[in-house]
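A.B. asks: After the structure tokens below, expect a handful of questions from me.
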Amino acid sequence: LALDFLLVLTSIKQNSLADGLESIPERLESAVATSLKDHEIEPGDLCLNYCVTMEMGWWLGRRVTFRTPIVRDLHEALRAWAVLMPFRSRTRHCPTISERWLRLQRFREEWPVFR
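The sequence shown begins at -12 in our numbering and counts up one residue at a time.
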């Protein structure tokens, strides 16, 4: 049984990383549904839990990892991801001082959305 679940999780990862025109949430939803169907496993049998983890410390000048509470509903986790996306750090490049300053100036408008 554990090996079957490992195969499903591996399938979910491979399917979610596949190139496509879909957004990340659409790819993940599709990957989970397809993998469970392919392996004939019900969603409740696998007991998947989701947690969104993001680097959000760009404006502090140091890395801060933010984690949402663990949820069992994929759609709830994806909603949290969508809300948090505008606030994540850009890990592929370091923002310039002027970019950080502009982001801090927009903070008052962004804060109510984040909360």
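By construction, the Cβ of each residue, glycine as well, lies at the ideal position given by its N, Cα and C atoms.
(1) Taking the alpha helix (DSSP H) that F(-3) falls in, what are its first and last residues?
(2) Quick check on the burial criterion: 16 or more other C-beta atoms within 10 angstroms. Buried or exposed for V19?
(3) Can you tell me the Cβ-Cβ gap for N36 and I57, rounded? I've got them flagged as a contact below 8 angstroms.
(4) Can you find the residues in the same chain that come closer than 7 angstroms, C-beta to C-beta, to I(-1), ignoring five residues on each side of it along the sequence?
(5) Can you give me the start and stop residues for the alpha helix (DSSP H) that T21 sits inside?
(6) Looking at C-alpha atoms only, which residue of P73, S85, E86 is the closest neighbour of E96?
(7) Where does the unbroken alpha helix (DSSP H) through E63 begin, and where does it stop?
(8) Here's the rule: buried if 16 or more other CB atoms are within 10 angstroms of the residue's CB, otherwise exposed. What is V51?
(9) Count the other CB atoms, across all protein chains shown, that sit within 10 Å of the CB of A64; report buried if there are 16 or more and exposed otherwise.
(10) Sort out for me which residues DSSP pairs E42 with in a bridge.
C.D. replies: Walking through what the data contain:
(1) Here residue -3 refers to the residue found at position 10 when the sequence shown is read from its first residue. Before going further, note that residue -3 is Thr rather than Phe in the sequence given. Element bounds for T(-3): -11 to 4.
(2) Reading the sequence shown from its first residue, position 32 is the one you call residue 19. So V19 counts as buried.
(3) By one-based count along the sequence shown, residue 36 stands at place 49. By one-based count along the sequence shown, residue 57 stands at place 70. The pair is a contact, with the Cβ atoms about 5 angstroms apart (cut-off 8 angstroms).
(4) As a working note, residue -1 is residue 12 in the sequence shown. The beta carbon of I(-1) is closer than 7 angstroms to those of A18, V19, S22 in its chain, skipping five residues each way along the sequence.
(5) Taking the first residue of the sequence shown as position 1, residue 21 is located at position 34. Per DSSP, the continuous alpha helix (DSSP H) segment holding T21 begins and ends at 11 to 25.
(6) Within the sequence shown, the letter at position 109 stands for residue 96. Nearest C-alpha to E96: P73.
(7) Locating residue 63 in the sequence shown gives position 76, counting from the first residue. In the DSSP assignment, E63 falls within the unbroken alpha helix (DSSP H) covering 61 to 71.
(8) Within the sequence shown, the letter at position 64 stands for residue 51. Its Cβ having fewer than 16 others within 10 Å, V51 is exposed.
(9) Locating residue 64 in the sequence shown gives position 77, counting from the first residue. That one is buried.
(10) In the sequence shown, the residue the question calls residue 42 occupies position 55. Its beta-bridge partners are T52.
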